[in-house]
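Structure, as structure tokens:
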Amino acid sequence: ADTPAPAEAAPDGKWGITYDYQYNCTNPQCLTSMYWNWGPVYANIVDQSRNGEYVGGWEYFDSDTGGMGLFGFGEDEELMPGVASIPDEDLAMIKETYMKFLSGELDRFDVFSGPITDNQGNLVVPEGVSLKQEDLDGFKEFGSECETCMYWWNENISAELPSLD
161 ADTPAPAEAA PDGKWGITYD YQYNCTNPQC LTSMYWNWGP VYANIVDQSR
211 NGEYVGGWEY FDSDTGGMGL FGFGEDEELM PGVASIPDED LAMIKETYMK
261 FLSGELDRFD VFSGPITDNQ GNLVVPEGVS LKQEDLDGFK EFGSECETCM
311 YWWNENISAE LPSLD
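All residue numbers for the sequence shown refer to this note's numbering, where the first residue is 161 and numbers rise by one.
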């Protein structure tokens, strides 16, 4: 959500990661916030429109477009205080992976590549397969053309699925 609530709700000694807005990582329990900066994407759409090249549709973009950020890891951003508790090798892996996203070596679907198991122990996404956009957006129960669809909890999530009725 576009709110600092995930970090504010973190119990003492735990960390929260906020989402979707650069400036919602506002309290000491916040490690980072993954956010979207639509400015470069909109600028590209305007340029394409001016050149008569724009074709309307759903706008999804990858991390190498300049539209993705990870608060504290971007240019002129300071790491949040809690990041000091992350082991050096893990912090190096985070920075390296983030740079791979920004360079285009990884794209937004790489984080949804199998194997992915649900909280019932079922293999949802096999190794070598990635979810597609229609999988991330859709529920078969509502007419989506998704193959894997998002009506499942990832492993390590202790929750029951709500009824879709």
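Glycine residues also receive a C-beta, built at the ideal position from the N, C-alpha and C atoms.
Source: prediction; values computed, not measured.
Beta carbon of residue i nearer than 8 Å to that of residue j
i       : j       : result
Phe-233 : Tyr-258 : yes
Thr-308 : Asp-295 : yes
Trp-312 : Ala-319 : no
Ser-113 : Asp-222 : In the structure as shown, the chain starts at 161 and stops at 325, and residue 113 therefore has no counterpart that could be examined.
Gly-217 : Pro-200 : no
Val-284 : Asp-278 : yes
Phe-302 : Met-310 : no
Gly-176 : Pro-166 : yes
Leu-291 : Phe-269 : yes
Of the listed residues the options, nearest to residue i (C-alpha basis)
i       : options                               : result
Asp-180 : Ser-193, Asp-172, Ala-170 and Gly-173 : Ser-193
Leu-230 : Gly-242, Gly-217, Glu-219 and Ile-254 : Ile-254
Met-358 : Leu-266, Glu-287, Gly-303 and Cys-190 : In the structure as shown, the chain begins at 161 and stops at 325. Residue 358 is therefore absent and cannot be evaluated.
Asp-162 : Trp-196, Phe-302, Asp-325 and Lys-300 : Trp-196
Pro-286 : Asp-270, Glu-249, Pro-275 and Tyr-183 : Pro-275
Gln-182 : Trp-198, Pro-247 and Ala-169          : Trp-198
Asp-172 : Asp-250, Gly-242, Glu-256 and Leu-321 : Gly-242
Gln-280 : Asn-204, Asn-316, Ala-169 and Gly-288 : Asn-316
Ile-246 : Glu-168, Asp-325, Lys-174 and Leu-321 : Lys-174
Three-way DSSP call (helix, strand, coil) for residue i in this model
i       : result
Val-285 : strand
Asp-278 : strand
Asn-197 : coil
Asn-314 : strand
Range of the contiguous alpha helix (DSSP H) that encloses residue i
i       : result
Asp-325 : Segment: none, Asp-325 is in no alpha helix (DSSP H) and carries neither H nor E.
Leu-321 : Leu-321 -> no alpha helix (DSSP H), and no H or E assigned at all.
Leu-296 : 293 to 297
is_contact[residue i, chain B] using C-beta, thresh 8 Å
i       : result
Pro-241 : The structure shown contains no chain B; it holds only a single protein chain.
Heavy atom of the ligand GDP within 7 Å of residue i beta-carbon
i       : result
Cys-190 : As for the ligand GDP, it is missing from this structure, which has no ligand bound.
Can you list, in chain order, the stretches of the beta strand (DSSP E) that have 3 or more residues and sit fully within the region 162 to 194?
176 to 179
Threshold first: 3 residues or longer. Then list the beta strand (DSSP E) segments lying entirely within the region 210 to 270, N to C.
228 to 230
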